[in-house]
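K.L.:
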Amino acid sequence: MGAELRKNKIPFEHHISPKGGYGYGLRKGNPAAEAWFSFNTKLVKIYIKP
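Encoded structure:
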């Protein structure tokens, strides 16, 4: 997916966490899951303006 976004000059961020997996949601105690909310909030503020 990242390769296609790059090829089409679409800005994106790609974060890979050393631990975790699919479906962790915002589970407390999992650093990767806890960091996701912050990353997502910043991204939304950049691309979605009121």
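Add 143 to a position in the sequence shown, counting from 1, and you land on the number used in the numbering used here.
From the three backbone atoms N, C-alpha and C, an ideal C-beta is built for every residue, glycine too.
Look at the alpha carbon of Ala-178 and the alpha carbon of Lys-188, and state the distance between them as a whole number of angstroms.
P.N.:
The straight-line gap from Cα to Cα measures roughly 16 angstroms.
K.L.:
Under three-state DSSP, which class holds Glu-156?
P.N.:
Three-state result, Glu-156: coil.
K.L.:
Between which two residues does the alpha helix (DSSP H) holding Pro-193 run?
P.N.:
No alpha helix (DSSP H) holds Pro-193; DSSP gives it neither H nor E.
K.L.:
Phe-155: which of Pro-193, Lys-192 and Phe-182 sits nearest, CA to CA?
P.N.:
It is Phe-182.
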